[in-house]
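Taking it in order: structure first as structure tokens, then the write-up.
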Amino acid sequence: MKVLAYFRSLASKFFHRSQIADEMEEELRSHIEHRADDLQRAGMNRADAERQARIEFGGQERFKEECHEALGGNFIESFINDARYALRMLRKSPGFTLTAVVTLALAIGANAVVFAVLNALILRPLNVPQPESLWAIERKASFVDPSQSYPDYLDIRERNRSFEDLAGYTADEAGLDTGQNPSAAWIAMATGNYFDVLRLQPYLGRFFHASDEHGPNSAPYIVLSYAYWHSHFQDDRGVVGRVVQLNKHPYTILGVGPPGFHGTLLFFDIGLFVPIVNQEQIQGTNELNARDSRWVFMVMGHLKPGVTPTQAVADLNSIGSYLEKTYPKEDGKMEFLLARPSLYGDYLGRPLKAFMTALMVLAGLILLAACANLGSLFAARAADRSREVALRLALGSTRRRILRQLFTEAVLISLLGGAVGLWGSVVLLRGMSVWRPVPRFPMQLEVNPDAKVYVVAVLLTLASGFLFGAVPVKQVLQTNPYEVVKAGSAAATGRRITARDVLLVLQITICGVLVTSSFVAVRGLARAMRSNLGFEPQNAMVLDTQLSMAGYRGDKVPVMQKRMIDALAAIPGVQSVGLVDNPPLHESWNPSNVFTDQTTDLRPANAASEAIQCNISPGYFQAAGTALLAGRDLTWHDDKRSPRVAVINQEFARRIFGSVAHALGGYFKLPDGTRIQVVGVVQDGKYTSVAEIPHPAMFLPILQAPSSQTFLIVRSQRDPQQLAAAMKSAVRKLDPGLPFYIQTWNKKLDSILFGPRAAAFSLGVLGVMGAMLSITGIFGMAAYSVSKRMKELGIRIALGARREEVLRTALGRAFQLLAFGSAAGLLLGILAGRVLASMYRESAGNPLVLGGALLTMLLIGLVATWIPAHRALSIDPLILLREE
Amino acid sequence: MADQAQLLPGTLDLLILKAVSLGPLHGYGVLLRIGQISGRALLIEQGALYPALFRLVRQGLLKASWGTSENNRRAKFYELTLAGRKRLLEEVEGWNRLAAAIGSALATRPEEV
Numbered sequence: 011m012k013v014l015a016y017f018r019s020l021a022s023k024f025f026h027r028s029q030i031a032d033e034m035e036e037e038l039r040s041h042i043e044h045r046a047d048d049l050q051r052a053g054m055n056r057a058d059a060e061r062q063a064r065i066e067f068g069g070q071e072r073f074k075e076e077c078h079e080a081l082g083g084n085f086i087e088s089f090i091n092d093a094r095y096a097l098r099m100l101r102k103s104p105g106f107t108l109t110a111v112v113t114l115a116l117a118i119g120a121n122a123v124v125f126a127v128l129n130a131l132i133l134r135p136l137n138v139p140q141p142e143s144l145w146a147i148e149r150k151a152s153f154v155d156p157s158q159s160y161p162d163y164l165d166i167r168e169r170n171r172s173f174e175d176l177a178g179y180t181a182d183e184a185g186l187d188t189g190q191n192p193s194a195a196w197i198a199m200a201t202g203n204y205f206d207v208l209r210l211q212p213y214l215g216r217f218f219h220a221s222d223e224h225g226p227n228s229a230p231y232i233v234l235s236y237a238y239w240h241s242h243f244q245d246d247r248g249v250v251g252r253v254v255q256l257n258k259h260p261y262t263i264l265g266v267g268p269p270g271f272h273g274t275l276l277f278f279d280i281g282l283f284v285p286i287v288n289q290e291q292i293q294g295t296n297e298l299n300a301r302d303s304r305w306v307f308m309v310m311g312h313l314k315p316g317v318t319p320t321q322a323v324a325d326l327n328s329i330g331s332y333l334e335k336t337y338p339k340e341d342g343k344m345e346f347l348l349a350r351p352s353l354y355g356d357y358l359g360r361p362l363k364a365f366m367t368a369l370m371v372l373a374g375l376i377l378l379a380a381c382a383n384l385g386s387l388f389a390a391r392a393a394d395r396s397r398e399v400a401l402r403l404a405l406g407s408t409r410r411r412i413l414r415q416l417f418t419e420a421v422l423i424s425l426l427g428g429a430v431g432l433w434g435s436v437v438l439l440r441g442m443s444v445w446r447p448v449p450r451f452p453m454q455l456e457v458n459p460d461a462k463v464y465v466v467a468v469l470l471t472l473a474s475g476f477l478f479g480a481v482p483v484k485q486v487l488q489t490n491p492y493e494v495v496k497a498g499s500a501a502a503t504g505r506r507i508t509a510r511d512v513l514l515v516l517q518i519t520i521c522g523v524l525v526t527s528s529f530v531a532v533r534g535l536a537r538a539m540r541s542n543l544g545f546e547p548q549n550a551m552v553l554d555t556q557l558s559m560a561g562y563r564g565d566k567v568p569v570m571q572k573r574m575i576d577a578l579a580a581i582p583g584v585q586s587v588g589l590v591d592n593p594p595l596h597e598s599w600n601p602s603n604v605f606t607d608q609t610t611d612l613r614p615a616n617a618a619s620e621a622i623q624c625n626i627s628p629g630y631f632q633a634a635g636t637a638l639l640a641g642r643d644l645t646w647h648d649d650k651r652s653p654r655v656a657v658i659n660q661e662f663a664r665r666i667f668g669s670v671a672h673a674l675g676g677y678f679k680l681p682d683g684t685r686i687q688v689v690g691v692v693q694d695g696k697y698t699s700v701a702e703i704p705h706p707a708m709f710l711p712i713l714q715a716p717s718s719q720t721f722l723i724v725r726s727q728r729d730p731q732q733l734a735a736a737m738k739s740a741v742r743k744l745d746p747g748l749p750f751y752i753q754t755w756n757k758k759l760d761s762i763l764f765g766p767r768a769a770a771f772s773l774g775v776l777g778v779m780g781a782m783l784s785i786t787g788i789f790g791m792a793a794y795s796v797s798k799r800m801k802e803l804g805i806r807i808a809l810g811a812r813r814e815e816v817l818r819t820a821l822g823r824a825f826q827l828l829a830f831g832s833a834a835g836l837l838l839g840i841l842a843g844r845v846l847a848s849m850y851r852e853s854a855g856n857p858l859v860l861g862g863a864l865l866t867m868l869l870i871g872l873v874a875t876w877i878p879a880h881r882a883l884s885i886d887p888l889i890l891l892r893e894e
Numbered sequence: 021m022a023d024q025a026q027l028l029p030g031t032l033d034l035l036i037l038k039a040v041s042l043g044p045l046h047g048y049g050v051l052l053r054i055g056q057i058s059g060r061a062l063l064i065e066q067g068a069l070y071p072a073l074f075r076l077v078r079q080g081l082l083k084a085s086w087g088t089s090e091n092n093r094r095a096k097f098y099e100l101t102l103a104g105r106k107r108l109l110e111e112v113e114g115w116n117r118l119a120a121a122i123g124s125a126l127a128t129r130p131e132e133v
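Here the protein sequences line up with chains A and B, keeping their order. Going by my numbering, the letters in the first sequence line up with residues 11 to 894, in that order. Going by my numbering, the letters in the second sequence line up with residues 21 to 133, in that order.
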């Protein structure tokens, strides 16, 4: 009850504040009048008596304040007071307020966005039970690769003692026919124990289990992901038990997965899950016994309780050495690593983690810079208000009270900025969450902010408010009211280097680093786009399909492919058509070991090189715009009955044969011992990424190396949309049941460029922010220095100083700091650029990058000092000297 | 005024309670009463009285009501509540104990040790 009463009194004080104040006023007046009455009785006249009474009473305002404090509820009240006063002060200088709020909004918004992405990608665990003990097994080959062959998977699963169980899966596209028009769906071919290993429970129906597997094609079952069931089956609960056609084979829908589960890759949405033993029906080939074909995308499982990752790796490596010894031909070096399954293991996980961490650090630095900047702006303001502060101190205000006032102002600004920034970032993140960067693929990243993001944003907001609010504290504590009121604000004297200078240099340095890094990124990207890809994506369309989706098998595949090529080539305006099973810069590639003709022991260790293998149709080079440098193109006569031939690229010729001239007519061997004669050499190209070093590549004729994976490159000057429509009807006429996808080749390349582009974009945004911060920082400092030295500058002008002398006096310091900070920033930027060099193949040492960064810093300096310089030059000494 | 003693911290509240215990008073009246009963030996800053009065009201030791003073002016009168009266007794007792202790301590002569 007491507490209640307290709050009621608090509330009544709070709401009847003016009434209380009035009463207090009246009481004090009554006191003074009573005293005056006494003094009057002692012989003073009334006016003198009242004056004397007031003097005796002392500082009325101070006592009133103390009375309020004595009444309790003072904290809130004085906070409201402070806030009201702060708002008034902020409204009086809208330029300052706007600058501060925008700066903070940008800085906090950037932090919130980066943190939300970091949170979604790295901090938030996978949406399965006990994700902390779930690990994927990676192979340490020429690059880290989680893929395994199916027999190796079985061996690892049976022989290891570290995992409770191991599941494997691979992703692919399949044609799903529910009775209406067939559509392509993304499927995961998973081992029978997949859902049990992940410890998932079905939302509807049942999952398939290890007990459902009885050899190849024995388990024609489908489990739908929740999202796929929702979007394609409209939440129809009757779907369980239905039989649908998958790649023209009857499959039974067993059940629906739990909400939120879409496979174990964070950014890839799987629609259907089918047992991996049915590979032959889905992909057209049976590789369940092929130890040299590493087509199982990832193998993963929960570690047994008490087993550490290190122990597990040792266990796996002992299995690896067994496999090496037992299958020297198929299994080369078998060393293993453990990685999280959600980000494609270390292949994507490690660079992504490094990049996100770097981005987070950069965002943090930006916020720090913003705080430094606002701190110095605040300090400048506090100095400008030194008269006000001195007056308040002289009138009996405590320093604590004045500091609280300043902090209120700082926190108010930071709250405003934080609110705007958070709002902006939420809008941005919502957009990012529904954005599909590569429309061809079900790639989507859920980055909607959760509670963690909000908490971080609010904490950052408050922390930054207190951080920059704390800058002028010392200044206020040292204010001597009498000196200030007497002498006016004196120009700063004493120390040559102030904390403010250091802050500014720091900030310019940070800006320099950001500007340099973003130049590296942007230029690297631009160069990558212009670099010789080894093919011409302009004026080309790509039709991509998987013939197995429509049930084509074996010999029927090349026949259908030939018919498709002919049909597309017949479209008016089409210059050339070519087929490739694995186009350059596709999301996956197919490396294979190659051996010199002399090698007889074909174990991986003896391989002459790894080469990218593409199976192509005649005319592919022409359609792709790849130049044939020597020899001949493949023809339709290079079929099963004629000798095996290949076209290779320059790098292949150089590495295996020494030169193009030697390569022509020469032979090399594939891991299965096939001898292949080189009949032609084409130019090098980019195959895996735009930043790669030249890779050997070989092009085999589809009639000798068939593949149902089909990419048809159609070169034409026609309008892409019309052409796409024509292509569509041409293929539909051949087989209405074949799902396919058409896009321009440029569009298709977007996906491979997405990473570098996103990185360059984020760096660019950060660079722009850094530049903005630097501008405000230098501007604040320069403006402050000019207004502080108005009098001095006026005298100099009156004494006949020239314009450049005035400028040197007014802005020399600002430019010194700028030069120093820029130099440090560029230097650090060159170091930081080394990190980026791996992604962009561009170093910060490049003169163009350095020149650009320097020019940018100079421009920043010019923009930032323009107004103060103008002000310094337009000083009229007469007016100035008269007024001060 | 030079011979007036500074108040010990915390004693103002006690003096106010005592002054008001002798009959309801307004603020200025409290000041006069303290002057009168202390033989004008204590220096009290006039304004400093009010925060103390407000504090005592908040603690429920005094209650205040508006009335008319002997000068025929509107004034706020303070009187002791029951709790105030109890507190005064405790404080007086505490003070006496303290004063006696300090007095006897200060009166000690070297040969008594």
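Ideal placement from N, C-alpha and C gives every residue a C-beta, glycine not left out.
### Task
For A:Ala324, count neighbouring C-beta atoms within 10 Å of its own C-beta (all shown protein chains included) and say buried if the count is 16 or more, exposed if not.
Exposed is the call here.
### Message
Would A:Leu38 pass as an interface residue toward chain B - the criterion being a Cβ-Cβ separation below 8 Å?
### Response
yes
### Query
If we ignore side chains and look at the alpha-carbon of each, how far apart do B:Ala103 and B:Leu109 end up?
The alpha-carbon atoms of B:Ala103 and B:Leu109 are separated by roughly 10 Å.
### Query
By the criterion of Cβ-Cβ separation under 8 Å, what are the contact partners of B:Glu134 in chain A?
Limits of chain B in this structure are 21 at one end and 133 at the other, which puts residue 134 of chain B out of reach.
### Task
Take A:Ala707 as the anchor and find which of A:Asn600, A:Gly774, A:Phe307 and A:Ala621 has the nearest alpha-carbon.
Per the Cα distances, A:Ala621.
### Query
chain A partners of B:Ser89, CB-CB under 7 Å?
Those are His44, listed as they occur along chain A.
### Query
Taking C-beta to C-beta, are A:Tyr231 and A:Asp222 nearer than 8 Å?
yes
### Task
Decide if A:Ala500 is buried, meaning its Cβ has at least 16 other Cβ atoms within 10 Å, or exposed.
Residue placement at A:Ala500 cannot be trusted, given a pLDDT of 48 that sits under 50; what the coordinates show is reported in the next sentence. By the 16-neighbour rule on beta-carbons within 10 angstroms, A:Ala500 is exposed.
### Task
Step through the CB atoms of chain B and report whether any lies within less than 8 Å of the CB of A:Glu73.
For clarity, residue 73 of chain A is Phe in the given sequence; the question names Glu instead. Yes, A:Phe73 lies at the interface with chain B (some Cβ there is under 8 Å from its Cβ).
### Query
Under the three-state reduction of DSSP, which class applies to A:Lys758: helix, strand or coil?
helix
#### Entry: Residues bridged to A:Ser586 [DSSP beta-bridge criterion]
A:Arg725
### Task
Determine the direct distance from the alpha carbon of A:Ala770 to that of A:Leu595, and round the result to whole angstroms.
19 Å
### Query
Beta-carbon of B:Tyr48 versus every beta-carbon of chain A: anything under 8 Å?
yes
### Query
For the candidate residues A:Ala390, A:Ile423 and A:Val457, whose alpha-carbon lies nearest to that of A:Ser485?
Reading off the sequence, residue 485 of chain A comes out as Gln, not Ser. If we check each option's Cα against that of A:Gln485, A:Ala390 comes out closest.
### Query
Going by alpha carbons, who is nearest to A:Leu487 out of A:Arg844, A:Ser407 and A:His224?
A:Ser407
### Task
Would you mind sorting B:Glu90 into buried or exposed? The rule is 16 or more other CB atoms within 10 Å of its CB.
exposed
### Task
Would you give the residue range spanned by the alpha helix (DSSP H) that A:Glu60 belongs to?
That run of the alpha helix (DSSP H) goes Arg56 to Phe67.
### Message
Using a Cβ-Cβ distance cut-off of 8 Å, determine whether B:Tyr98 contacts chain A.
### Response
no
### Query
Straight-line CA distance for B:Gly55 to B:Trp115?
19 Å
### Task
List the residues of chain B whose Cβ lies closer than 7 Å to the Cβ of A:Asp58, in chain order.
None at all; the shortest Cβ gap to chain B is about 17 Å.
### Message
Would you say B:Pro71 lies against chain A (beta-carbon separation less than 8 Å)?
### Response
Closer than 8 Å to the CB of B:Pro71 there is at least one CB belonging to chain A.
#### Entry: Start and end residues, beta strand (DSSP E) containing A:Met308
Met308 to His312
### Task
Determine the chain B residues that contact A:Leu81 at a beta-carbon separation under 7 Å, and present them in chain order.
Phe74 and Arg78
### Query
Cβ of A:Leu275 within 8 Å of Cβ of A:Tyr354?
A contact, by the Cβ cut-off of 8 Å.
### Message
What ranges does the alpha helix (DSSP H) occupy inside the stretch 342 to 400 of chain A, keeping only unbroken runs of at least 4 residues that lie completely in it?
### Response
For the stretch 342 to 400 of chain A, the continuous alpha helix (DSSP H) assignments of 4+ residues that do not extend past its boundaries occur at 355 to 394, in sequence order.
### Task
Compare the Cα-Cα distances from B:Ser85 to each of B:Pro44, B:Leu32, B:Thr128 and B:Gly49 and report the closest residue.
B:Pro44
#### Entry: Short Cβ contact (8 Å threshold) for A:Tyr357 with A:Asp155
Yes, the pair counts as a contact, with Cβ atoms nearer than the cut-off.
### Query
Any C-beta of chain B sitting closer than 8 Å to the C-beta of A:Glu142?
no
### Message
Does A:Ala229 come out as helix, strand or coil in the three-state DSSP assignment?
### Response
coil
### Query
For the candidate residues A:Met34, A:Glu71 and A:Gly787, whose alpha-carbon lies nearest to that of A:Ala404?
Sorting A:Met34, A:Glu71 and A:Gly787 by C-alpha distance to the C-alpha of A:Ala404 places A:Glu71 at the top.
### Query
Are the C-beta atoms of A:Asp32 and some chain B residue less than 8 Å apart?
no
#### Entry: One or two residues paired with A:Leu234 in a DSSP bridge
A:Val266 and A:Leu282
### Query
Any beta-carbon of chain B closer than 8 Å to the one on A:Met11?
At A:Met11 the pLDDT is 46, less than 50, meaning the model places this residue with poor confidence and gives no usable figure here.
### Query
Hey, out of A:Gly427, A:Ala200 and A:Val724, whose CA is closest to A:His219's CA?
A:Ala200
### Query
Quick one: what's got a C-beta closer than 8 Å to A:Leu821's C-beta in the same chain, skipping five residues either side?
Once the five neighbours on either side are set aside, the close Cβ partners of A:Leu821 are Ala792, Ser795, Val796, Thr875, Pro878, Ala879 and Ala882.
### Task
Compare the C-beta of B:Arg105 with all C-beta atoms of chain A and state if any pair is closer than 8 Å.
no
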